[in-house]
Amino acid sequence: MKLPPTFASWLQVGPTTLILLFFFVLPMLVVIAVSFFDYENAQIVETFIVDNYRDVFASSVTLQQYAKSLKFAAIVWALTLVIGFNVSYFLVFHVRSVLWQIGLFLLCTVPFWTSNIIRMISWLPVLGRNGIINQTLARLGLIHAPLEFLLYSDFAVVVGYVHLFTLFMVVPIFNSMARIDRNLLEAARDAGAGRFRVVWEIVLPLSKTGIALGSIFVVTQVMGDFFVVKVMSGGQSTSVVSALYNQVSAMQYPPAAANAVLLLIIVTLMVAAILRVVDVRKQLAT
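So the mapping is simple: the working numbering equals the position in the sequence shown, first residue as 1, plus 31.
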């Protein structure tokens, strides 16, 4: 018996729709509802209020936390983009052997074979007061006192983020560059274009899908992380998610839910802005 096309389509998308509704839409509706509740003595009071959102915008500390998270996201995005683009360009256009390309690409994934905790802790003996960098600079006579900004600072947080999330930029850019026809580059060089012009007018535009996807991965990861800030800043810096974690630990669930909703809105707007610049679906379809 042949099923009607409409019914068959619903059977195909039905399981995925149910999973998304149960594991994404329903929890988000609960968080949104809780964000409008009151709380007293670590107990949720089911009274509709907007004080939780008003407190977010009225608190200069909370606004500074949002600004700090956005600053981290912008700096890490720029650094990972530069590193990811150059690494991908080298692997695709300078490494001729496919075997070497795969080998070097897998080499980039080696740090991911360990947990994020170990990877962050491994920076402590490198950036610390008596760490490798300070000792090396002191022995070379370049410094007379340890550089304090290397660890437990915003600089250390950025280093940790770049270390963790650069691969999320390399992978999509590498995939986009690998699809570029080499004949286009040869034709541009034959027409007299230099290397910079070839990269700017051919490689970069044809890699924008990978750049957009990598940007989404990096920005969302940074905006949703608190562990790196906690470890690498030594508690001297903070972010929105760090404050949200502290609120949940103190069982202040309505304010935490309000912060979570606002953070989701901000990240969604950032992703929408990226997708507005680059039509990823159209690029992937071509």
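Glycine is no exception: its CB is placed at the ideal position from the N, C-alpha and C atoms.
Please read these numbers as outputs of a predicted model, since none were measured by experiment.
- Item | Distance, H125 Cα to W131 Cα | Position 100 of the sequence shown, counting from 1, holds the residue named residue 131. Position 94 of the sequence shown, counting from 1, holds the residue named residue 125. Whole-angstrom Cα-Cα distance: 11 Å.
- Task: Enumerate in chain order the residues of its own chain whose CB-to-CB distance from G255 is below 7 Å, with the five nearest sequence positions on each side excluded.
- Result: Mapped onto the sequence shown, residue 255 falls at position 224. If we look at G255 and ignore the five residues flanking it on each side, its Cβ neighbours are V272.
- Task: Run the CB neighbour count on S40, radius 10 Å, all protein chains shown included, and call it buried at 16 or more, exposed below.
- Result: The residue labelled residue 40 in the question sits at position 9 within the sequence shown. The residue in question, S40, is exposed, as its Cβ has fewer than 16 Cβ neighbours within 10 Å.
- Would you grab the beta carbon distance between P177 and R160 for me? Rounded to a whole angstrom, and I think it's under 8 Å. As a first step, residue 177 must be located in the sequence shown, where it is residue number 146. As a first step, residue 160 must be located in the sequence shown, where it is residue number 129. Right, their Cβ atoms sit about 4 Å apart.
- Where does Y97 fall in DSSP's three states? As a first step, residue 97 is located in the sequence shown; it is residue number 66 there, counting from the start. Three-state DSSP puts Y97 in a helix.
- Through-space distance from S246 to F55, alpha-carbon basis: Stepping through the sequence shown from its first residue, residue 55 is reached at position 24. Stepping through the sequence shown from its first residue, residue 246 is reached at position 215. If you take the alpha carbons of F55 and S246, they lie about 23 Å apart.
- Query: Got a sec? Which residues, its chain only, sit under 6 Å from I80 by beta carbon, not counting five neighbours each side?
  - Reply: The residue given as residue 80 occupies position 49 in the sequence shown. Correct list, in chain order: D69.
- Query: Identify the residues that DSSP records as bridge partners of E71: which are they?
  - Reply: In the sequence shown, residue 71 corresponds to position 40, counting from 1. Paired residue(s): Q74.
- Given that a residue counts as buried once 16 or more other Cβ atoms are within 10 Å of its Cβ, and exposed if not, what is Q318? The first residue shown for the chain is 32 and the last is 317, placing residue 318 beyond what the model contains.
- Message: Using only the alpha-carbon positions, how far apart do N72 and F88 sit?
- Response: Mapped onto the sequence shown, residue 72 falls at position 41. Mapped onto the sequence shown, residue 88 falls at position 57. Roughly 23 Å separates the two Cα atoms.
- Query: Is M282 helix, strand or coil when you go by DSSP?
  - Reply: Position 251 of the sequence shown, counted from the first residue, corresponds to residue 282. M282: coil per DSSP, three-state reduction.
- Message: Quick check: what's the CA-CA separation for A64 versus Q252?
- Response: For the purposes of this step, residue 64 is taken as the residue at position 33 of the sequence shown. For the purposes of this step, residue 252 is taken as the residue at position 221 of the sequence shown. If you take the alpha carbons of A64 and Q252, they lie about 25 Å apart.
- Whose C-alpha, out of P156, L138, L112, is nearest the C-alpha of I242? As a working note, residue 242 is residue 211 in the sequence shown. Nearest C-alpha to I242: L112.
- Delimiting residues of the alpha helix (DSSP H) encompassing D185: Start at 1 with the first residue of the sequence shown, and residue 185 comes out as number 154. 185 to 209 is the extent of the alpha helix (DSSP H) around D185.
- Can you name, in chain order, every residue of its own chain whose Cβ lies under 7 Å from the Cβ of Y183, other than the five neighbours on each side? Working through the sequence shown from its first residue, we reach residue 183 at position 152. Only S264, G265, Q267 meet the Cβ criterion.
- Item | Continuous alpha helix (DSSP H) stretch holding L60: start and end | Taking the sequence shown and counting its residues from 1, the one referred to as residue 60 is at position 29. Per DSSP, L60 belongs to the alpha helix (DSSP H) from 57 to 65.
- Task: Give the secondary structure of W144 by DSSP, where H, G and I count as helix, E and B as strand, and everything else as coil.
- Result: Here the question's residue 144 lines up with position 113 in the sequence shown. Here W144 sits in helix by DSSP.
- Task: Check whether the Cβ atoms of M200 and G115 sit closer than 8 Å, and answer yes or no.
- Result: Counting from 1 along the sequence shown, the entry for residue 200 is found at position 169. Counting from 1 along the sequence shown, the entry for residue 115 is found at position 84. Yes, the pair counts as a contact, with Cβ atoms nearer than the cut-off.
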